[in-house]
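Here is the structure we will look at, set down as structure tokens.
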Amino acid sequence: MIWRPRRRKLAESILLKQVVAAVMLRDSHVLICQRRADQPFPLQWEFPGGKVETGEAHDEALRRELREELGIDAEIGAEIATVSHQYAEGLGVELHFFVVHSFTGELQNRIFHEVRWEKRATLKAESFLEADQGVVRKINRGELG
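Counting from 57, one number per residue, gives the positions in the sequence shown under this note's numbering.
Here is the structure:
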């Protein structure tokens, strides 16, 4: 079952950018990534992933993004959440979260300020991008993954 939070209805005319993200789990930890200071939403935490390109399936997009961002080949698991969010800056996203339990290759930080394995129980939702915060709270409480 995919968790879909209750959100205020986004305006019908808004075209939502399709985005994918990996909830990468290892024992009681989850992989989190901090955006660089020169990026939009500087130094906020997020899950690795990115935009879906035209004609690309969500799982294919996530596999590609993880290769580009972290240098790994991931086995993409089930979609565990979908969130539609409108940022104050005008960007609308439909974010699809997938669980990743395994990958091959050595993790490399190719684009982030910091990448680290954080204990699920110590995640602080307010330090994450707004669209990620509901999923972070559920992971924190052990409800996802």
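Idealized CB from N, CA, C, for every residue including glycine.
Using the DSSP secondary-structure output, state which residues sit across from residue i in a beta bridge.
i	result
residue 141	149
residue 157	Paired residue(s): none; residue 157 is not in a bridge.
residue 184	101
residue 78	154
residue 73	149
residue 107	75
residue 94	Beta-bridge pairing links residue 94 to no other residue.
residue 129	160
Shorter than 8 Å from the beta carbon of residue i to some beta carbon of chain D?
i	result
residue 160	Any reference to chain D falls outside this structure, which holds one protein chain only.
Applying the 10 Å Cβ sphere with the 16-neighbour rule, what's the burial state of residue i?
i	result
residue 121	buried
residue 82	exposed
residue 90	buried
residue 62	Confidence at residue 62 is low in this model, with a pLDDT of 49, below 50, so its placement is unreliable and no value can be given for it.
residue 179	buried
residue 176	buried
residue 170	exposed
residue 187	buried
residue 107	exposed
Considering only the beta carbon of each residue, do residue i and residue j sit closer than 8 Å?
i	j	result
residue 173	residue 87	yes
residue 127	residue 105	no
residue 139	residue 103	no
residue 92	residue 125	no
Considering residue i, what are the terminal residues of the beta strand (DSSP E) in which it resides?
i	result
residue 170	170–175
What is the residue span of the alpha helix (DSSP H) that residue i lies within?
i	result
residue 88	Counting along the chain, residue 88 falls outside any alpha helix (DSSP H), though it belongs to the beta strand (DSSP E) covering 85–90.
residue 196	189–196
Inset, instruction - Count the CB pairs spanning the stretch 131–138 and the stretch 94–102 that are closer than 8 Å, and state whether there are at least three. - result: no
Inset, instruction - For the stretch 149–157 and the stretch 70–82, state whether three or more C-beta atom pairs, one from each stretch, are separated by less than 8 Å. - result: yes
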